[in-house]
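> Note that the protein sequences, when read in sequence, are chains P and H. Its first residue numbered 1, the first sequence is counted upward by one per residue in our numbering. Its first residue numbered 1001, the second sequence is counted upward by one per residue in our numbering.
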Amino acid sequence: MAGIVGYGAFIPRKRITAEEIARQWGKDPETIRKGLLLEEKSVPGIDEDTITISVEAGADAISRAGIDPSKIGALYIGSESHPYAVKPSGTIVIDALGIGPEVHVADFEFACKAGSEAMFVSLGLVESGRVEYAMGIGADTSQGAANDALEFSASAGGAAFIFGKENLLVDVLETYSFTSDTPDFWRREGQFYPRHGGRFTGEPAYFKHVLGASRAILEKTGLKPSDFRHAVFHMPNGKFPQQAGKKLGFTEKQMEVGWIVPTMGNTYSGSSPTGLAAILDIAEPDDLIFMTSFGSGAGSDSFVFKATELLPERQDLGRTVRSMLDGPKHYVTYGQYAKLRDKIIVNE
Amino acid sequence: MPSPRYWREVPSRLRLEAARCSGCGKVNYPARPICPKCHSKESEKLTLSKTAKIITSTVIHIAPDDFLFEAPYAIAIVETPEGARFMSQVVDCDPSSVGPGMDVSLEFRLIRKEARSGILCYGFKAVPTNSWEAQK
Chain P
1 MAGIVGYGAF IPRKRITAEE IARQWGKDPE TIRKGLLLEE KSVPGIDEDT ITISVEAGAD
61 AISRAGIDPS KIGALYIGSE SHPYAVKPSG TIVIDALGIG PEVHVADFEF ACKAGSEAMF
121 VSLGLVESGR VEYAMGIGAD TSQGAANDAL EFSASAGGAA FIFGKENLLV DVLETYSFTS
181 DTPDFWRREG QFYPRHGGRF TGEPAYFKHV LGASRAILEK TGLKPSDFRH AVFHMPNGKF
241 PQQAGKKLGF TEKQMEVGWI VPTMGNTYSG SSPTGLAAIL DIAEPDDLIF MTSFGSGAGS
301 DSFVFKATEL LPERQDLGRT VRSMLDGPKH YVTYGQYAKL RDKIIVNE
Chain H
1001 MPSPRYWREV PSRLRLEAAR CSGCGKVNYP ARPICPKCHS KESEKLTLSK TAKIITSTVI
1061 HIAPDDFLFE APYAIAIVET PEGARFMSQV VDCDPSSVGP GMDVSLEFRL IRKEARSGIL
1121 CYGFKAVPTN SWEAQK
């Protein structure tokens, strides 16, 4: 059986509050807080991007796995903010982490589920015996246009997972993918910001795919929501994952640990993977963990995990998600945010 | 920085690889084929820790073009537990709070962009261990 042998996450220290963004555009902060359940979001520094986040998260994953990084035979990064249009982020990440050169590397893109795609393919390669270890990463410095609803949520962060067959921290009991052509959110080549279909991103997109994948994997495994200790869903805002979870029969208590969006924002490809990392930080042996990602376009990947006896002794070998969310942070003004996110046009 | 030079420096810039001289034990960073202290040609590779202490620092107010958006920023000579010293930007903190003796961790960051269309240069920057929290 294959599963996760190491994991890590990274969230930048800068933050902007929903109130600060609302004030800039003459919107009511309370409407954002109550409507989208968002308080603040992480903001990447001028020197932070998908590559730097991947390296930091990957380094913690290697520490927790306790393996020789050169044994990692595949590395995939899912993101919609790869710094280069042409040159894989993964090439820099493997060299920084001491992986390779005998390694298969690719950058994935599937809107917000590119991270779980990377995990899914990594798991498959390990299960097939093609590679001993594979790392799947979901990371983003998400883009959201000025004065768009996305601006309140698009944030920065990510998580990395190493899959293997021995010394598992978490067993992967089952996976399920659910995909269809749904134009709910997109970014054309050369465009800086994504566009979306407003309310169309809800029922026909997020809920159809998240609920479709989740119900199918429950049926496939014969498990009930009440069998799980923790559940995490893709978090485009605070409200959607809570609604999806409740429709499936999960309780707020089961979703509490992985529901990190109110203070992290939506890290796109890193969203549900970082929520999963937050759960692994505190999970106990034999805990069943449910995860369903969502990527516009659209699709969902569902996973059923089971924590092993080994997990607790590895949890302290890397930074916890909660320590990064609650730890040292610096609030920026909208002006500083605009500079950091390249929203200001300057002369060359 | 021309791409070939950046590429040659990948081991030291991206992985903090150094060399410990087999003759005198000095840690040379970046690694050198001949030890500048004892001239031995024998050495063993080692990877530096991701922690360091600031030896001396200053704050840059008038920055070069590639760093204009970052000014004012702190820059320091840091020393790792292995004894290697190198210059590093100190980030995620109030630049005026940076000073000798401060403990830092080394985090992977984008060092500079070659204008709008050139390569991206990565490496490590120092972050005070307690970052903003300790300075409130």
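Note that CB positions come from ideal geometry on N, CA and C, so glycine has one too.
To test your reading of the DSSP string, which unbroken beta strand (DSSP E) runs of 3 or more residues are found completely within the segment 1096 to 1134 of chain H?
Counting whole runs of 3 or more residues, the segment 1096 to 1134 of chain H contains the beta strand (DSSP E) stretches 1103 to 1113 and 1120 to 1128.
> Do Phe200 (chain P) and Ala244 (chain P) come within 8 angstroms of each other at the CB atom, strictly closer than that value?
The answer is no: Cβ separation not under 8 angstroms.
> List the residues of chain H whose Cβ lies closer than 7 angstroms to the Cβ of Val55 (chain P), in chain order.
Going along chain H in sequence order, the residues near Val55 (chain P) (Cβ under 7 angstroms) are Phe1108.
> Can you give me the Cβ contacts of Ala1134 (chain H) inside the same chain, cut-off strictly under 6 angstroms, excluding the 5 residues immediately before and after it?
Because Ala1134 (chain H) carries a pLDDT of 38, less than 50, the predicted location of this residue cannot be relied on, and the following value inherits that uncertainty. Excluding positions up to five away in sequence, the list is empty.
> Taking the alpha-carbon positions, what's the Ile94 (chain P) to Glu30 (chain P) distance?
Taking the straight line from one Cα to the other gives about 44 angstroms.
> Nearest to Gly1118 (chain H) by CA position, among P:Phe108, P:Gly3, P:Trp25 and P:Val86, is which residue?
Minimum Cα distance to Gly1118 (chain H) is reached at P:Val86.
> Which partner residues does Gly164 (chain P) have in the DSSP bridge list?
DSSP, once it has assigned bridges, lists P:Gly3 as partnering Gly164 (chain P).
> Kindly indicate the opening and closing residues of the beta strand (DSSP E) around Asp82 (chain P).
Residue identity differs from the one stated: residue 82 (chain P) is His in this sequence, not Asp. No beta strand (DSSP E) holds His82 (chain P); DSSP gives it neither H nor E.
> Taking the beta strand (DSSP E) that Ser177 (chain P) belongs to, which residues open and close that run?
Ser177 (chain P) -> beta strand (DSSP E) spans Val170 to Thr182.
> I'd like to know whether the C-beta atoms of Ile1020 (chain H) and Glu1044 (chain H) end up nearer to each other than 8 angstroms.
It is Arg, not Ile, that sits at residue 1020 (chain H) in the sequence shown. Cβ atoms of Arg1020 (chain H) and Glu1044 (chain H): closer than 8 angstroms.
> Using a C-beta to C-beta distance shorter than 8 angstroms, which residues of chain P count as neighbours of Lys1125 (chain H)?
Within chain P, the residues near Lys1125 (chain H) are Asp47.
> Would you check if there are 3 or more beta carbon pairs closer than 8 angstroms linking the segment 1111 to 1126 of chain H to the segment 57 to 71 of chain P?
The segment 1111 to 1126 of chain H vs the segment 57 to 71 of chain P: no contact.
> State yes or no: is the beta carbon of Phe1069 (chain H) nearer than 8 angstroms to at least one beta carbon in chain P?
So, interface residue.
> With burial defined as no fewer than 16 other Cβ atoms inside 10 Å of the residue's Cβ, what is the status of Leu38 (chain P): buried or exposed?
Label assigned to Leu38 (chain P): buried.
> List the DSSP bridge partners of Ile137 (chain P).
The partner list for Ile137 (chain P) (beta bridge, DSSP) reads P:Ile77 and P:Ala160.
> Can you grab the Cα-Cα spacing for the pair Ile217 (chain P) / His209 (chain P), in whole Å?
Spanning the two alpha carbons is a distance of roughly 12 angstroms.
> Could you pull the DSSP bridge partners for His330 (chain P) from this structure?
In DSSP, His330 (chain P) forms a bridge with P:Lys14.
> Measuring alpha carbon to alpha carbon, tell me which of H:Val1010, H:Ile1075, H:Ser1049 and H:Val1104 ends up nearest Val1027 (chain H).
Checked all of H:Val1010, H:Ile1075, H:Ser1049 and H:Val1104; the closest Cα to Val1027 (chain H) is H:Ser1049.
> Where do the N-terminal and C-terminal ends of the alpha helix (DSSP H) with Arg215 (chain P) fall, by residue?
Lys208 to Thr221 is the extent of the alpha helix (DSSP H) around Arg215 (chain P).
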